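Take a look at the structure below.
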Amino acid sequence: MKKVVKFGGSSLANANQFKKVADIIHEDNTRRYVVPSAPGKRFADDIKVTDMLYSCYGKAIRGIKYSDLLAAIHDRYNDIIKGLGLSLSLEDEFKKIQENFEKQAGRDYAASRGEYLNGIILAAYLDFEFIDAAEIIRFDETGVFEAGFSNDLIEKRLHKTKRAVIPGFYGAKEDGTVVTFSRGGSDISGALVALAVKADVYENWTDVSGFLIADPRIVKNPQSIETITYKELRELSYMGASVLHEEAIFPVRKEGIPINIRNTNKPDDPGTLIVGNTCRRPKFTITGIAGHEGFASITIEKALMNSEVGFCRKVLQIFEDNNVSIEHMPSGIDTMTILVHKDEFQDHEQMILSSIHKAVHPDHIELESDLALIAIVGRGMRSTRGTAGRIFSALAHAHINVKMIDQGSSELNIIIGVRHADFKNAIRAIYEIFVDTVL
Ligand code: ASP
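Numbering (numbering that gives the first Met the number 0), first residue to last: 0 to 438.
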């Protein structure tokens, strides 16, 4: 048994959090490869070390004095070292960082030092080997991640190392230039290590006990999801639910390695298990609800549209030509509706409308701009009758008008469109009917 464990920034924000992390690792000796983030926020309006590094480097390249800010970053690490009772000094590391800032080593280099230094401290505290991610995570000369090559490098390097700390978030080009993934990218590093060492589980430790069924800013104390499939997760993350970086799913999914989201502050909570397939019945008919505001719809009406071959293609071509991506496309006999992100659409609005008039001569075009989409996702829906009925009666009871309905052919999700003003109430009503009112 082999586990790869990734700890997020809040799990490593200060010495006390480091101690919790060490307890978690020592408690289970199959937790062999550890991927840390940079120190995150210690309290609500604290600043993450990664953000401090970005602004410090920004000052350095503009010729503004940055020594105070760099010293503040150094202090954050020194506090951790002191709190852990280690005799480590990062003096030389900070000298090197300053030199590299002067040489303008790049924004990515600057940001990566957050995880690099945290990795050094964590390795010393755990007495694990430290492996610089720049040695084993490779990007090509244009900055594109090289998956196959990195996989070989990680596999070879870790093959001879029983226990190691590998900082998250970055790698390097062949010439040593540091490149980072996008923000939150330590999740990806953890997944890559899990894939390369063929881990039995990829544990992703954060500050929540897994995925919640609904957004806690909308639903009060929502329950957490015990088991979710990659497919369900993809639907929910696409619609805005986030705990894990989206790109972290693909490497482990390929090998069927489960991801377990866990809470560093509540290590006894089982968290959420993300799996390829499962016979485990979900606790409720639905696995989760997520949604987004900011959509617009364009409804095109034309008598006998159904018999006009090529009608849809001509309309879709116009959106493609304007580089506007389409979210959903419900249609009727003589109508088709296109749902798009309002922000993307509005700059091209008049161009698109006039092109539609020219291309398909519609009888009428109607625009609506204050729409929100809500995805109700669940593998349990396939085997349960009346799911749609329950959603719509819950919404009717809450006096919410449904503007659009779309059920994916996999029966994994139902997407509904409502007005912005109804967005939160709609989510609450759906949560209530499926979770609070279990049949
Ligand atoms: N420290 C980086 C960030 O704040 C990467 C990570 O935490 O995963 O985005």
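Note that the Cβ used here is the ideal one computed from N, Cα and C, for glycine as well. Source: prediction; values computed, not measured.
Do residue 107 and residue 177 have their C-beta atoms closer together than 7 Å? yes
Residue interval of the beta strand (DSSP E) (run including residue 245): Looking at the DSSP string, residue 245 is not in any beta strand (DSSP E), and its letter there is neither H nor E.
Looking at C-alpha atoms only, which residue of 126, 142, 222 and 9 is the closest neighbour of residue 43? 9
Could you tell me the boundaries of the beta strand (DSSP E) in which residue 226 lies? 226–228
Restricting to Cα atoms, I'd like to know which of 211, 417 and 197 is closest to residue 338. 417
If you reduce the DSSP assignment to three classes, tell me which class residue 388 lands in. helix
Along the chain, where does the alpha helix (DSSP H) that runs through residue 11 open and close? Where residue 11 is concerned, there is no enclosing alpha helix (DSSP H), given that its DSSP letter is neither H nor E.
Quick one: Cα of residue 59 to Cα of residue 105, how far? 11 Å
Thinking C-beta only, is residue 405 closer than 7 Å to residue 399? no
What would DSSP say about residue 323, mapped onto helix, strand or coil? coil
DSSP three-state label for residue 416, please. strand
Look at the alpha carbon of residue 275 and the alpha carbon of residue 61, and state the distance between them as a whole number of angstroms. 48 Å
From this set, 20, 419, 21 and 71, which residue's C-alpha is nearest residue 45's C-alpha? 71
Using only the heavy atoms of the ligand ASP, determine whether one of them is closer than 6 Å to the beta carbon of residue 162. no
Residue 209 versus 123, 363, 263 and 282, residue with shortest Cα-Cα distance: 263
Using the beta-carbon count (16 or more within 10 Å), is residue 140 buried or exposed? exposed
Specify, as a first and last residue, the run of the beta strand (DSSP E) that residue 170 falls within. 169–171
Counterpart residues of residue 237 in DSSP-defined beta bridges: In DSSP, residue 237 forms no bridge with anything.
Suppose you measure from the CA of residue 297 to the CA of residue 307; what does that come to, to the nearest Å? 19 Å
Are residue 235 and residue 434 closer than 7 Å when you measure CB to CB? no
Per DSSP, which one or two residues make a beta bridge with residue 16? In DSSP, residue 16 forms no bridge with anything.
On the three-state DSSP scale, how would you describe residue 283? coil
With 16 other CB atoms within 10 Å as the buried threshold, where does residue 366 fall? exposed
Return helix, strand or coil for residue 251, following the three-state DSSP convention. helix
Expressed to the nearest angstrom, what Euclidean distance is found between the alpha-carbon atoms of residue 240 and residue 1? 29 Å
Whole-angstrom distance between residue 317 and residue 422, CA atom to CA atom: 30 Å
I think residue 361 touches residue 299, with their Cβ atoms under 8 Å apart; what is that distance to the nearest whole Å? 5 Å
DSSP three-state assignment for residue 42, whether helix, strand or coil: coil
Report the residue ranges of all alpha helix (DSSP H) runs contained in full by the stretch 47–112; include only those spanning at least 4 residues, in chain order. 48–60, 66–82 and 90–101
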